[in-house]
């Protein structure tokens, strides 16, 4: 079960965009069973420059932990511009959480769903 809870976020990251995340940060126990869609913008060095949750199944406390987890991600420098304006939607599901509907666009104003 422990391995599965670590593999699901990895699978979600691989499906989110054609990116390659470096070492994944540890998943806090409080995030297990939670899901969200994060809108993420990467900086030039592969760090998360900006992020927010477009959709979440959690509480404000777990949402803060989920954003902290997303912001701890580091991406390989070759993949720092995955989408126009640098924003992309990243579905997340930890443990047995089901990822919510993914927006077709993410950006600083709001997410657009189809």
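Numbering (mature numbering (1 follows the signal peptide of the UniProt record, and there is no 0)), first residue to last: -21 to -1, 1 to 93.
All C-beta atoms, glycine included, are put in the ideal place defined by N, C-alpha and C.
Between residue i and the rest of its own chain, which residues show a CB-CB distance below 6 Å, the 5 nearest in sequence each way excluded?
| i | result |
| --- | --- |
| residue 63 | Residue confidence for residue 63 is low, a pLDDT of 48 falling below 50, so the modelled location carries little weight; the figure read from the coordinates is stated next. Contacts found: none. |
| residue 42 | 32 and 35 |
| residue 37 | 13 |
| residue 81 | 16, 68 and 70 |
Among the options, which residue has its Cα nearest to the Cα of residue i?
| i | options | result |
| --- | --- | --- |
| residue 6 | 54, 46 and 79 | 46 |
| residue 39 | 86, 29 and 10 | 10 |
| residue 12 | 30, 75 and 65 | 75 |
| residue 23 | 44, 8, 65 and 81 | 65 |
Tell me which same chain residues have a C-beta within less than 7 Å of the C-beta of residue i, skipping the five on either side of it?
| i | result |
| --- | --- |
| residue 27 | 19, 21, 49, 50 and 52 |
Could you check whether residue j and residue i sit closer than 8 Å to each other, using their CB atoms as the reference points?
| i | j | result |
| --- | --- | --- |
| residue 68 | residue 14 | no |
Going along the chain, which residues of its own chain have a beta-carbon closer than 8 Å to the beta-carbon of residue i, five neighbours each way excluded?
| i | result |
| --- | --- |
| residue 2 | 53 |
Next item on the list: Would you list, in sequence order, the uninterrupted beta strand (DSSP E) runs of no fewer than 3 residues that lie entirely inside the region 5 to 85?
Entry: The region 5 to 85 contains these whole beta strand (DSSP E) runs: 14 to 21, 27 to 35 and 66 to 72.
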